[in-house]
Structures are given as structure tokens and as C-alpha cells.
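K.L.:
Residues in the sequence shown are numbered consecutively from 100, following my numbering.
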Amino acid sequence: MSCKMLLFDFRESEEIFFKKNNFSNFEIKFFKENLDESTLDMLSEEDFEETMIISVFITSTINEKVISKFKNLRVISTRSTGYDHICLNSCVNKHIALINVNSYGVTSVAQFTIGVLISLVRNLNSAIGAGYDDSFHSLDFCGRDLNTMTLGIIGTGAIGKSVIKMASCFGMKILAYDIQQQKELIENFLVEYVELETLLANADVISLHLPYTKNNYHMISSEQFEKMKDGVYFINVSRGELVNTNALAEFAKNGKFRGIALDVVACPDVNSDKYGKRERSSVFCVETSKSVRELSKMPNVILTPHMAYNTQESVDYILKVTFESLSDYVTGGRKNRVI
Numbered sequence: 100m101s102c103k104m105l106l107f108d109f110r111e112s113e114e115i116f117f118k119k120n121n122f123s124n125f126e127i128k129f130f131k132e133n134l135d136e137s138t139l140d141m142l143s144e145e146d147f148e149e150t151m152i153i154s155v156f157i158t159s160t161i162n163e164k165v166i167s168k169f170k171n172l173r174v175i176s177t178r179s180t181g182y183d184h185i186c187l188n189s190c191v192n193k194h195i196a197l198i199n200v201n202s203y204g205v206t207s208v209a210q211f212t213i214g215v216l217i218s219l220v221r222n223l224n225s226a227i228g229a230g231y232d233d234s235f236h237s238l239d240f241c242g243r244d245l246n247t248m249t250l251g252i253i254g255t256g257a258i259g260k261s262v263i264k265m266a267s268c269f270g271m272k273i274l275a276y277d278i279q280q281q282k283e284l285i286e287n288f289l290v291e292y293v294e295l296e297t298l299l300a301n302a303d304v305i306s307l308h309l310p311y312t313k314n315n316y317h318m319i320s321s322e323q324f325e326k327m328k329d330g331v332y333f334i335n336v337s338r339g340e341l342v343n344t345n346a347l348a349e350f351a352k353n354g355k356f357r358g359i360a361l362d363v364v365a366c367p368d369v370n371s372d373k374y375g376k377r378e379r380s381s382v383f384c385v386e387t388s389k390s391v392r393e394l395s396k397m398p399n400v401i402l403t404p405h406m407a408y409n410t411q412e413s414v415d416y417i418l419k420v421t422f423e424s425l426s427d428y429v430t431g432g433r434k435n436r437v438i
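In C-alpha cells form, the structure reads like this:
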């Protein structure tokens, strides 16, 4: 007997995976829409009665009201590492398992980081726009050689480590900050672990590669921006909540940064308080949205829509791990179980 599964946030790159793979143990119904309170109406009573598994991405919001609609739900699978878009208390109270995908897109995100780093340092954002306007004055876009620059990596987990290995190929000096130092990086890539304040004061480029926890919310804010060099390049491809976007915009307006690249921002959906937390109230999100719009108008800022991980290889891996974990759950296992 197959398990009825509803898969939301379905996209074209995932279609490619399902055309190459068959999951006969699962009766899957696909939805391009996300799942939240506003999209419940598109589901039938049969969906609410018979569904055992739902699979979502971070663009869905699975709160208590959504969970309570499903009468026989056994598993929520998020095709992401983070799961703060899902109400854990409701899962626990209703004995619903939560499965995630731990550590994906390492190479994809690292390559993206190097890509935006080069784009910033060589002024590609402005130069491409000038080219479209038939303005070919190369002297206006003087850049830097990476081998003369110091890269500061905050967080040397899998992605930070991969960025370090790639950056070392360009001859960059590398400073790192992490509570856990990696001997391999010190010995093989000449990484110097330093205190955060030292990194902020000495790095020409600062790149964040940390997971988000309640303990590092806004770990980069006015105090940290003040300690950075004037003319620093700042990159965040990890989590928007790590950075005080309002403070970032203020320092950017005052000329602090030579360049900024953001693949993530806090409150990307300004119209919904999807997490129900005070710091993500509608007022907070509106202010953050204003700051993002201000940043988007600056020629030295690159804003992208959370796409650093998004390669076909990464998408295939996410789905592969998702269905391995679900198959393991069906047979009594706990692979990639959060709860």
C-alpha cells in the first residue's frame, strides 16, 4: 500500500528529478503553490483525511492551524536544512515526525560566494549596466586583485570550509572565526583563526557562513559594522537573520562599503508575519523591507533571491535525501529526523 503524500513548492528543476526516478511506494500529488493558511482552500477533504506525508520548502509556513487540518498526518518533510517555518510544538503534540535535509548545496553555495566576490571586487554589477547603456569607459571600473586581499570567513563549517579552499586558489590571505577550529584549514590552507573583532578590523572581504540560531540573531549589527574597515566588501549567503539589515543600509548610505552581496534577507515576505515572533512583527518587516529597497538602488549592491544553493545537482541531492529519509521512516528508521 502506498503512502499518500502532498508535495508543495514544486518547481521545474524538481520535475527533472522525478522524470528520472520512480517512487512507487508513495502516491504523490504535486503543488507549485506553497502551503500556508491562505492556500488551504485549494485542498480537498480527501486530501485532509488521507494524507500521511507533506513535503515543503522554506517558502511554506506550517503553523498549528495548517497542521490541525490534516487528520492522519504522520510526517512533515522540509526540503531544507532550516525548519523554523514549521511549528515544532504542534508536531510534538500531535506525534508528527519532522524530517529535514542536513547540509546540502555545499559546493553550489561556495561557488556562488566566489562568484559574487569577484563580481563585487571587479565592479561587474555597475559595468554590466554601463555596457547595456552603450557606455564603454573601462577606467570607471577599477577593481582589485584577489591575491592582494584578506578574506574573513565567519563560520568554517562545510560551506565556509569550501569557500576557503576555493579562495586560497586565488592567493587570498584568509582569516577565520569559529568556536571550533579546523586543523586541516590551519595546516593546509594557512588559515589564521582570530577573534571576531580582529577579523572585522582586518578583512577586506567579510563573508558569513553560519546557521541561524536564537543565540546569533543580528550578530552583525551597528557595533560590528563600526569595527570593519572603510571600503570593506560584505557578503551574506547564509541567513538573513544574522544581519541587522536596517543598520547595514544606514552604513551603506554613509559610504562604509565598497560592495555588498546579499542572497538572503530577514522577512523576505513583508506581507506576512510567518513566524509569529516579536522581532518579525509586521512593523519590523516593513522597516526591513524599506532598507532592502534602499540597498537595491545602490550600484555597488548585489541582491539575489536565495539562489546560492540552487543548482540542478543540489536540487537532485535534496530530493534524493528526502526520499531516502521517508523510505527509512516507513520502515521504522530515524534518518534525518529532527523530532
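Here a beta-carbon is modelled for each residue, glycine too, at the ideal position from N, C-alpha and C.
Quick check: what's the CA-CA separation for GLY242 versus LYS131?
P.N.:
42 angstroms
K.L.:
Just to confirm before moving on: does the CB-CB distance between ASN301 and MET271 stay below 9 angstroms?
P.N.:
no
K.L.:
Write down every uninterrupted run of the alpha helix (DSSP H) in the region 145-169 whose length is 4 residues or greater and which is fully enclosed by it, in chain order.
P.N.:
163-168
K.L.:
Which residues bound the beta strand (DSSP E) around GLU126?
P.N.:
125-129
K.L.:
Would you tell me roughly how many angstroms separate the C-alpha atoms of ALA196 and LEU134, rounded to the nearest one?
P.N.:
18 angstroms
K.L.:
Are three or more beta carbon pairs between the region 184-191 and the region 154-171 nearer than 8 angstroms?
P.N.:
yes
K.L.:
Do the region 218-226 and the region 196-209 make contact, defined as three or more Cβ pairs closer than 8 angstroms?
P.N.:
no
K.L.:
Quick one, which of GLU148, PHE109, MET151 and ALA257 has its alpha-carbon nearest ILE157's?
P.N.:
PHE109
K.L.:
So GLU283 packs on TYR316, CB below 8 angstroms; how close in whole Å?
P.N.:
That pair is no contact at about 30 angstroms.
K.L.:
Compare the C-beta of ALA209 against all C-beta atoms of chain D and say whether one is closer than 9 angstroms.
P.N.:
Among the protein chains of the structure shown there is no chain D, as only one such chain exists.
K.L.:
Work out the CA separation of PHE169 and VAL262 for me, nearest whole Å.
P.N.:
42 angstroms
K.L.:
Runs of 4 residues minimum, wholly inside the region 171-234: which ones carry the alpha helix (DSSP H) assignment?
P.N.:
187-192, 205-220 and 223-231
K.L.:
Within 10 Å of its beta-carbon, does SER424 have 16 or more other beta-carbons around it, so buried, or fewer, so exposed?
P.N.:
buried
K.L.:
Starting from the Cα of ALA266, find the closest Cα among LEU139, ILE213, HIS308 and CYS384 and give me that residue.
P.N.:
The shortest C-alpha separation from ALA266 is found at ILE213.
K.L.:
Specify whether the region 346-361 and the region 231-240 touch according to this definition: at least 3 beta carbon pairs, one from each stretch, less than 8 angstroms apart.
P.N.:
The answer is no - the region 231-240 does not touch the region 346-361, with fewer than three Cβ pairs under 8 angstroms.
K.L.:
Report yes or no: do three or more beta-carbon pairs, one from the region 358-367 and one from the region 324-338, lie closer than 8 angstroms?
P.N.:
yes
K.L.:
According to DSSP, is SER306 helix, strand or coil?
P.N.:
In the structure shown, the three-state DSSP call for SER306 is strand.
K.L.:
Would CYS102 and ASN124 be called neighbours here (beta carbons separated by less than 9 angstroms)?
P.N.:
The answer is yes: Cβ separation under 9 angstroms.
K.L.:
Can you find the residues in the same chain that come closer than 7 angstroms, C-beta to C-beta, to GLU113, ignoring five residues on each side of it along the sequence?
P.N.:
Taking C-beta separations shorter than 7 angstroms and ignoring five residues to either side along the sequence, the partners of GLU113 in its chain run VAL414 and LEU418, following chain order.
K.L.:
Tell me, which residues are paired with ASN335 by DSSP?
P.N.:
ASN335 is bridged to LEU307 and LEU361.
K.L.:
Could you tell me which of PHE422, GLY358, VAL429 and LEU274 sits nearest to SER395, measuring between CA atoms?
P.N.:
For SER395, the nearest C-alpha among the options comes from GLY358.
K.L.:
Is the distance from the Cβ of VAL304 to the Cβ of VAL331 below 9 angstroms?
P.N.:
yes
K.L.:
Considering GLY259, what are the terminal residues of the alpha helix (DSSP H) in which it resides?
P.N.:
257-267
K.L.:
Give me the Cα-Cα distance between VAL391 and GLY431, rounded to the nearest whole angstrom.
P.N.:
45 angstroms
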